[in-house]
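Q: Add 3 to the 1-based position in the sequence shown for the numbering used here, that's all there is to it.
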Amino acid sequence: MNCEAIHCAETGTVRFAIYPDGLDGPRIMAHVSEAALRDLCDSPDQDPDLTGTCEAHFDCIQAKAIERYRAAPSMPILLGPADLRECDLMH
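#1: Determine which residues share a DSSP beta bridge with residue 82 and list them.
#2: Alpha carbon to alpha carbon, what distance is there between residue 14 and residue 41?
#3: In angstroms with no decimal places, state the Cα-to-Cα distance between residue 60 and residue 29.
#4: Go through its chain and collect everything with a Cβ distance to residue 82's Cβ below 8 Å, but skip five positions before and after it.
#5: Give me the Cα-Cα distance between residue 26 and residue 73, rounded to the nearest whole angstrom.
#6: Judging by CA-CA distance, which residue of 8, 43, 6 and 21 is the nearest neighbour of residue 85?
Printed below as a string of structure tokens:
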């Protein structure tokens, strides 16, 4: 699935869309922290392209966001470093 992501510097996150029920279902907005994405970068010392990092790891990030959405559909979705630890192992 495409990664629809935008860097939101004011909140320190990358905002992205998920479609838990497929493209015919609702579009849900979720966020992943800059810190979580930097942990996934090959060179975290440099200024990384955080939307590119989100796209590169999107299968795992999307799965975590959908899992969080299904657990609490009315709560905002914000993924942090602990949520994405296994994404680093999968890539």
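By construction, the Cβ of each residue, glycine as well, lies at the ideal position given by its N, Cα and C atoms.
Quantities reported herein were computed from a predicted structural model and do not represent experimental measurements.
A: Based on what the coordinates show:
#1: According to DSSP, residue 82 bridges with 35.
#2: Residue 41 and residue 14 have their C-alpha atoms roughly 15 Å apart.
#3: Each residue's alpha carbon lies about 22 Å from the other.
#4: Close CB contacts of residue 82 within its chain, under the 8 Å cut and outside five residues either way in sequence, are with 33, 34, 35, 36, 39, 64, 67, 68 and 71 (chain order).
#5: Residue 73 has its alpha-carbon roughly 16 Å from the corresponding atom of residue 26.
#6: The alpha carbon of residue 85 has as its nearest neighbour, out of 8, 43, 6 and 21, the alpha carbon of 43.
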